[in-house]
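Novice: With the working numbering applied, the sequence shown corresponds to residues 43 to 315, in that order.
Backbone N, C-alpha and C fix where the C-beta goes; we use that ideal spot for every residue, glycine too.
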Amino acid sequence: MVKIISDFGFCFGVDEAIKILKKASASFPLFLTHPLIHNIYENEVLMKECKASIYNGEKEGTIVLSAHGHTLEEEAYFLNKGFKVVDATCPLIKKRLEFLKNKNNILYFGKKDHQETKGFLSNFPTSILIDQNDDYQKVVSDLDKNKSYFLVPQTTISEDKFSTLKNILKTFNISYDSLDICPLYKKRIKEAITFLENTDPHNSLILVIGDKLSSNANEIYNTLKKRFNNHQILIINEYDDSIRKEGYDYYLVSSTSASKEKVLNIYNQLSVN
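(1) Going by Cα to Cα distance, which pick from Ile231, Leu193, Asn175 is closest to Glu201?
(2) Look up Tyr281 in the DSSP assignment and say whether it is helix, strand or coil.
(3) Identify the continuous beta strand (DSSP E) that holds Leu294 and give its terminal residues.
(4) Can you list, in chain order, the residues of its chain with a C-beta nearer than 8 angstroms to that of Ile47? Leave out the 5 residues immediately preceding and following it.
(5) Taking the alpha-carbon positions, what's the Gln274 to Thr159 distance?
(6) Between the alpha carbons of Asp176 and Asn144, how many angstroms are there, rounded?
(7) Does the Cβ of His80 have 16 or more other Cβ atoms within 10 Å, making it buried, or fewer, making it exposed?
(8) Less than 8 angstroms between the beta carbons of Ser299 and Val56, yes or no?
(9) So for Ala109, helix, strand or coil by DSSP?
(10) With H, G and I counted as helix, E and B as strand and the rest as coil, what does DSSP make of Thr213?
(11) Assuming Asn272 and Pro225 are in contact, meaning their beta carbons sit under 8 angstroms apart, how far apart are those beta carbons, in whole angstroms?
(12) Name the residue from Val127, Gly111, Val314, Glu117 whose alpha carbon lies nearest to the alpha carbon of Gly103.
(13) Between the alpha carbons of Leu72 and Ser95, how many angstroms are there, rounded?
(14) Cα separation between Lys189 and Ser169?
(15) Can you list, in chain order, the residues of its chain with a C-beta nearer than 6 angstroms to that of Arg227? Leave out the 5 residues immediately preceding and following it.
(16) Less than 7 angstroms between C-beta atoms, sequence neighbours within five positions excluded: which residues of the same chain meet that for Thr113?
(17) In its own chain, which residues sit with a C-beta less than 8 angstroms from the C-beta of Ile308, not counting the 5 before and 5 after it?
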């Protein structure tokens, strides 16, 4: 049996970014400052189709800014150089930035080197960064208990780690309000967990479709690996005969940066007897 056990294909933010890049492709030369989306394979296809390249010191052209966000300094640099700047930031991230304009004492929880984190901290430089690999308890213990904070997670951070941080804040009696992680990313993990609870680990192979370097693909993989540690779980971007196992059922989970075509292609390849 082969089954896709989650919603699949690009998320809304990725779809919108791709539309923006394709519209901008009428301009030439066309550059990206960073990969548009977190999938190097999909980026290569998009850049070739749109005749875009990664910016490397060129003097003029159109710049498309990443779906994950960008720093204010980066945007200002290109505007001052006379480039046409096109913003492909995810609408959810844009909405967050607008919502938080009048908030104080912001705690940002994410990966310090991630493009989304860099963009956020550029917009809110007084925020306190809690890196996902930090000692949360140490960071929280240093917070002012007389203040009320606003907690903002990176959109594709681990929900388990986010819950751990919130529990620590509660333990230290830190008052806070909070935004949530990306709802579509969260939905896909929940759908996968619900379905997999009734599967046999001895003849099941779980395939997370996406780029191994992608944050959301890795977090989906890590979450499923933690809950279903007796199952075999892989991250793949292409079908490979080596993953085929006699007598196994295959369960496909789509990252938010994997296209519908990619997921269906792997599904169809596995469905062939």
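Specialist: With the structure as the only source:
(1) Measuring from the Cα of Glu201, the nearest candidate turns out to be Ile231.
(2) If DSSP states are grouped into helix, strand and coil, Tyr281 belongs with coil.
(3) Its beta strand (DSSP E) spans residues 291-296.
(4) In chain order, Glu233, Ala234, Phe237, Leu238, Tyr293, Leu294, Val295 place their CB closer than 8 angstroms to the CB of Ile47, counting only its own chain and leaving out the 5 sequence neighbours on each side.
(5) Distance between the alpha carbons of Gln274 and Thr159: 32 angstroms.
(6) Within the model, the alpha-carbon separation for Asp176 versus Asn144 is close to 27 angstroms.
(7) When all chains shown are included, His80 counts as buried.
(8) Yes.
(9) Coil.
(10) Here Thr213 carries a helix assignment [DSSP, helix/strand/coil].
(11) That pair is no contact at about 29 angstroms.
(12) Nearest option by C-alpha distance: Val127.
(13) Rounded to whole angstroms, Leu72 to Ser95 spans 7 angstroms at the Cα level.
(14) Each residue's CA atom was taken as its position, placing Lys189 and Ser169 some 14 angstroms apart.
(15) It is Tyr, not Arg, that sits at residue 227 in the sequence shown. Excluding sequence neighbours, Tyr227 sits near Thr198, Asn258, Thr298.
(16) Here the set comprises Lys160, Gly161, Ser164.
(17) Cβ within range, chain order: Leu249, Ile251, Ile278, Glu280, Tyr281, Leu294.
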